[in-house]
Amino acid sequence: MTDPITTRLLELYRIGPGPSSSHTVGPMRAARLFRETVLAAGLVPVRLEVELLGSLSATGRGHGTDRAVLAGLLGWHPDTCDVDELLALPARLAVSPEIAWGEHTLALRPADVHFLPYRAYRGRKLPHPNTMICRAFDAGDAVLLEETWCSLGGGFVARGDGSGGDPTDVSRAPPRHPWHDGDSLVAAAKAAGLSIGALVIENERAWDGPEGGSAAGLDRVWEAMRACIRRGLAASGALPGGLGLRRRAGGLLARVDGGKVEAGYVHIARAQAYAFAVNEENADGGRVVTAPTNGAAGVLPGVLAEAADRLALDREAIHRALATAGAFGALIKHHASISGAEVGCQGEVGSATAMAAAALCEILGGDPDEVEYAAEIGMEHNLGLTCDPLKGLVQAPCIERNAMGVAKAWSAAQLALGAGTGHLISFDRVIQVMKRTGLDMRREYKETGEGGLAIGVHLPEC
Ligand code: SF4
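Start counting the sequence shown at 61; every next residue gets the next number (our numbering).
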């Protein structure tokens, strides 16, 4: 018997600062967990050090990994930290490095976070392409504690030796309606006479118990998505990092509202403007929701916000849509990867496209077979998509790529509707192929900023 998937929706949809779930949210969470371990052990370090390896080192500067690690060591949480204070943190610590550590203090400086050049660990087998090593030192500069942490994508983290991190499936009670892959998800929905979204919501409620919580959490996720769209549409000017990319979300929406977009394209164009708004906020370090990652955070809110307004979706329908999308995101996370550093952008924008396609297909009346087909199409036509961010920034090709994900999700939902059962390639098969393709990809195409479009724009220091 295969273990059922028990990833909860609020683990998949994490609210946190941009620009990257794997390079910002995950490292902040891992650094905070390291801090908690040191404090729980009663250790009193005088100095801390974090080494960033793999993709965290290659593109971590553009992703703000250093400030995220510093924030985690201070005990900040991605969900609640002030994004403006986060941006200013390295400068603040450079001037005033003394921080509270339990009942003591220690000095924490930006220089305590090291971006290790590739030559320093070439040939060494890392537990994950996003690896960080955290150390605490005593007054004699001896290591009190060393831990290796991995940022798995989407803000998920695990210790390098597998001894801790996010809860694993086996550590949680079995779901009310178990499913472990796409086929069993569809079968469970049909057996229960529920849509996929309704089935996943029933599982969430059963886990909640009498105290509830998941519905309020999904409200919070949805409000964070909408707030991000609002902020992104209202903002203007150049994005940080030196590419000179200017924000376009507000201008794109003005074209839609001004009747400058072809009538048949209006819905997609509006959703694309929303996706731009989210991804521009993300690029600027604003607060976004992983769906399933920060880099791919625009596709699902873009599609859902447009559909929600046009079709007057109520609260329950929004929750079901998030649940449907979340089920396919969880399947990808478990059986393939949502990490660009592991499998390229097919794992990020490809996954987001599949999730949004599934949600939209169900909103438009698709049955579980058609919803699974929509997710399959959404992923199939992103297979092989590399991750090659210019200057290691989550801007180009990322922002436009999310908007293209919106268009693909829309097409996938339409192609699946009315198709019934028996399509040739299953979702389970396509995510196996996605994983295999990702493993076959050269490292340059997996969030290192050294391949594809990034060549010549950013020369790595290693
Ligand atoms: S190219 Fe895709 S995977 Fe890479 S940083 Fe951009 S959105 Fe993320």
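Think of the CB as a built atom: it goes at the ideal place given N, C-alpha and C, for glycine as much as any other residue. Note that the coordinates shown come from a computational prediction; the quantities given were computed from them, not determined experimentally.
(1) State buried or exposed for I515, treating a residue as buried only when at least 16 other CB atoms are found within 10 Å of its CB.
(2) For a test of the three-state rule: what should DSSP assign to K506, helix, strand or coil?
(3) Quick check on W136: does DSSP put it in helix, strand or coil?
(4) So, helix, strand or coil for T353, using DSSP?
(5) Give me the Cα-Cα distance between S486 and E145, rounded to the nearest whole angstrom.
(6) Can you list, in chain order, the stretches of the alpha helix (DSSP H) that have 4 or more residues and sit fully within the segment 205-263?
(7) What's the gap between the Cα of H297 and the Cα of G311?
(8) Quick check: the Cα distance between G213 and A351, rounded to an integer number of angstroms?
(9) Using a threshold of 9 angstroms, state whether the C-beta atoms of L391 and A381 are closer than that.
(10) Quick check on T66: does DSSP put it in helix, strand or coil?
(11) With a CB to CB cut of under 6 angstroms and the five nearest residues on each side skipped, what residues in its chain are close to T208?
(12) Which of the three DSSP states, helix, strand or coil, is assigned to L168?
(13) State buried or exposed for G480, treating a residue as buried only when at least 16 other CB atoms are found within 10 Å of its CB.
(14) What separation, rounded to the nearest whole angstrom, lies between the Cα atoms of H441 and R236?
(15) Given this structure, state the Cα-to-Cα distance separating Y505 from E408, to the nearest angstrom.
(16) Around the Cβ of L519, are there at least 16 other Cβ atoms within 10 angstroms (buried) or fewer (exposed)?
(17) Cβ of A309 within 9 angstroms of Cβ of A287?
(18) Suppose you measure from the CA of G355 to the CA of G225; what does that come to, to the nearest Å?
(19) How is E432 classed by DSSP in three states: helix, strand or coil?
(20) By the 10 Å Cβ neighbour count, where 16 or more other Cβ atoms means buried, how is R330 classified, buried or exposed?
(21) Given a cut-off of 9 angstroms, decide if A417 and A357 are closer than it, judged by their beta-carbon atoms.
(22) Determine the direct distance from the alpha carbon of T62 to that of D229, and round the result to whole angstroms.
(23) Report whether the distance from the Cβ of R461 to the nearest heavy atom of the ligand SF4 is below 8 angstroms.
(24) Under the DSSP definition of a beta bridge, which residues are partnered with T191?
(25) Whose C-beta lies closer than 6 angstroms to the C-beta of A414 among residues of the same chain, with five residues either side of it excluded?
(26) Looking at the strands, I want to know which residues DSSP matches up with E158.
(27) So A383 packs on L420, CB below 8 angstroms; how close in whole Å?
(28) Is the segment 97-114 touching the segment 66-76 in the sense that three or more CB pairs, one from each, lie closer than 8 angstroms?
(29) Taking the alpha-carbon positions, what's the G272 to V217 distance?
(30) Bridge partners for G76 per DSSP, in chain order?
(31) To which residues does DSSP link L108 through a beta bridge?
(32) When the distance is taken between beta carbons, is L133 closer than 9 angstroms to I159?
(33) Starting from V173, follow the beta strand (DSSP E) in both directions and report where the run begins and ends.
(34) On the three-state DSSP scale, how would you describe R306?
(35) Rounded to the nearest angstrom, what separates P189 and T497 at their Cα positions?
Result, derived from the coordinates:
(1) By the 10 Å Cβ count, I515 comes out exposed.
(2) strand
(3) coil
(4) coil
(5) Answer to the nearest angstrom: the Cα atoms are 46 angstroms apart.
(6) 242-252
(7) Checking the sequence, you will find Gly at residue 297 rather than His. Going from the Cα of G297 to the Cα of G311 covers about 11 angstroms.
(8) 11 angstroms
(9) no
(10) coil
(11) I193, G220
(12) Coil, per DSSP.
(13) exposed
(14) In this model, H441 and R236 are separated by some 33 angstroms (Cα to Cα).
(15) Taking the straight line joining both Cα atoms gives about 13 angstroms.
(16) Confidence is the limiting factor: at L519 the pLDDT is only 42, short of 50, which leaves the residue's position unreliable, though a coordinate-based value still follows. It counts as exposed.
(17) no
(18) 22 angstroms
(19) helix
(20) buried
(21) The Cβ atoms of A357 and A417 do not sit closer than 9 angstroms to each other.
(22) At D229, the pLDDT of 48 sits below 50, so the modelled position is not reliable; the number obtained from the coordinates is stated separately. Approximately 11 angstroms, taken between the alpha carbons.
(23) yes
(24) L113, C210
(25) Excluding sequence neighbours, A414 sits near F388, A435, G438, M439.
(26) A167
(27) Their Cβ separation, rounded to whole angstroms, is 14 angstroms, which puts A383 and L420 out of contact at 8 angstroms.
(28) As far as the Cβ criterion goes, the segment 66-76 does not touch the segment 97-114, which means the pair count is below three.
(29) 26 angstroms
(30) V348
(31) A196
(32) yes
(33) 173-175
(34) strand
(35) Their Cα atoms are separated by approximately 16 angstroms.
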